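To get my numbering, take the position in the sequence shown, counting from 1, and add 51. All C-beta atoms in this analysis are idealised placements derived from N, C-alpha and C, irrespective of residue type, glycine included. All of these numbers come straight from a predicted model, not from anything done at the bench. Reviewing the structure listed below.
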Amino acid sequence: MPDSRPLPSVGELRRALDAGELSSVEITEASLERAESIDGSLRAFTGMRSEGARGDAAASDARRVEGKGLSSIDGIPVAIKDNMVMEGEPTTCASRILEGFVSPYTGTAVGKLRAAGAVIVGRTNLDEFAMGSSTEHSCFGATRNPWDLDRAPGGSSGGSAAAVAAGIVPAALGSDTGGSIRQPAAHCGVLGIKPTYGLVSRWGLVAFASSLDQIGVFARDASDAALLLGAIAGHDERDSTSIPEPVPDYRAAQTGDVSDLVIGLPREYFVSDGVDAGVLDAVRAAVAVLEAAGAKVREVSLPHTRYAVATYYLIATAEASSNLARYDGVRYGRRADDPSGLSDMYHRTRSEGFGDEVKRRIMLGTYVLSAGYYDAYYRKAQQVRGLLARDFQGAFRLCDVIATPTCPETAFRLGEKTGDPLAMYLGDIYTVSANLAGIPGVSIPCGQSSGLPVGLQLLGGTLAESTLLRVADAYQRLTDHHEARPTAV
Ligand code: GLN
């Protein structure tokens, strides 16, 4: 067994820093040591930033001594998903095609974290270009679930989720195009929030499906998530889809009170068919806790739910095929050796550089955008996307927050779904609609089924992050599911 100890929450580290009990250098060393002792078996990281992190931690300590701390996350170690660029650091997207790429600039969200004094300790593993639900489609090999090393952590931000669950870092950034923050958060027993599309700048996030991608946060609890989200959110003129609104104080909104809220339960999500009974029980019990705290609960309907997965996989693959055209062996990363000509260079660079799942999506996306099929697939999917968004608008006239399971089941075994892509895609049923509608969602631990964590998903209307994090925090004040720690590391 490793002798390193898991790091506590951001809030607890903050208190220790403020009380002078710990320095940022000591906390950062503890984070690096924890990674050193367990990441050989977990593989949550694609690369550590040990020297850079030590330097940043020392600078943070110097600021604190002078009473010039930058923010409440100054000196706190954080990990970033390896699809966000940082100047002078590699960005791999867990793809061979980006081998050797070093970023010339820092993206907005990572830059804001650094400006707030957070210490970036490393880059976390993911499904190649964020395409997947298990972190098995990575050129570095699969990340493992800290609750059971034979199981997947979920994906595509499985490295960030596992790193927070295992206590290597108290918080991490991920990206969510169809569930890639919420689903691994659920499978690893941590909190994960995907904000409203446009709340966090996508500048410096490697594009998968640009109309769906959004950066968000993993943390142990809702008060930590409020601090981190507050640090990375806000308007950015370098992202034309960024929302020009001031960022509220998410922490101040966490009053513990939910008595003014109506929670909607979508009829279409609470079907026993294909959903683990233990998952449904845990989610229903969580809703009962909020009801006992004064929230009203009612049924709502999201009638187009059954089209969500198909719609998502048409739009996401179409956008991916366009976004990934830029990896041609000329502009970024790795080029095939000794090509016999230009076409051979393109062909071999892409066939050797991309993994199977990415190739599958480029082919699907090229097909749905092709002249003869555009109307039948892509245009139709955009129309259904409008209907899904309208479903939510209708539901949010009747309730403030929608509660659902995050996933139909708990963490599955490594290899269980890699041979059956459709089975893997169907697991995204509860998460993809929020991205298609652009609305925020958070997954919080709400108990276990057969010893594995279950996630409660809360969805809100556009820019309802304050409300979501208030409900999540109120729930965590009343329960201790977020305190449960994985036993396999
Ligand atoms: N699992 C979904 C997919 O494979 C979502 C991925 C994501 O959110 N990046 O596309």
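In terms of Cα proximity to G492, the closest of S293, A203 and T455 is T455. Between L514 and V452, the gap from beta carbon to beta carbon reaches 8 Å or more. Contact annotation: the stretch 87-99 touches the stretch 170-177, with at least three C-beta pairs closer than 8 Å. Under DSSP, I314 forms a beta bridge with V348 and V452. S373 and G416 have their alpha carbons spaced roughly 8 Å apart. Across the structure, G183 and V435 are spaced so that their CA atoms are roughly 23 Å apart. Assignment of beta strand (DSSP E) within the stretch 88-144, counting only whole runs of 3 or more residues, yields 96-99 and 128-132 in chain order.
Distance between T79 and P504, taken at the CA atoms: about 28 Å. Ligand 1 never approaches A328 closely enough for any of its heavy atoms to be under 7 Å from the residue's Cβ. Rounded to whole angstroms, the separation of the alpha carbons of C144 and C450 is 38 Å. Pairing L529 with A344 gives a Cβ-Cβ distance under 8 Å. In the structure shown, the three-state DSSP call for R377 is helix. Distances from the CB of T157 to the heavy atoms of ligand 1 are all 7 Å or more. At a threshold of 7 Å, F259 counts as near ligand 1, since its beta carbon sits closer than that to one of the ligand's heavy atoms. Nearest C-alpha to C497 among S394, A440 and A236: A236.
The alpha-carbon of W198 is positioned some 11 Å away from that of Q499. F269 is bridged by DSSP to A223 and G243.
In the DSSP secondary-structure assignment, L256 is bridged to M135. For Q508, the three-state secondary structure derived from DSSP is strand.
Between ligand 1 and D227, a heavy atom-to-CB distance of less than 7 Å is present.
By the CB criterion at 8 Å, T228 and P204 fall outside the cutoff.
A direct Cα-Cα distance of roughly 14 Å separates E138 from L164.
In this structure, the straight-line span from the alpha carbon of A346 to that of I490 is close to 21 Å. According to DSSP, residue pairing for D199 in a beta bridge involves N196. Annotation for A216 indicates a beta carbon at 7 Å or more from all heavy atoms of ligand 1.
Buried is the label assigned to Y320, since at least 16 other Cβ atoms lie within 10 Å of its Cβ. Burial of L83 is indicated by the presence of at least 16 other C-beta atoms within 10 angstroms of its C-beta. Every beta strand (DSSP E) of 3 residues or more that sits fully in the stretch 436-497 is shown, in chain order, as 452-456. In the three-state reduction of the DSSP assignment, A181 falls in the helix class. Secondary structure note for G209: it is in no beta strand (DSSP E), and the uninterrupted alpha helix (DSSP H) holding it is G209 to A216. Taking 8 Å as the cut-off, the beta carbon of A222 is found closer than this to the beta carbon of D275.
One alpha carbon belongs to D264, the other to R253, and they sit about 8 Å apart.
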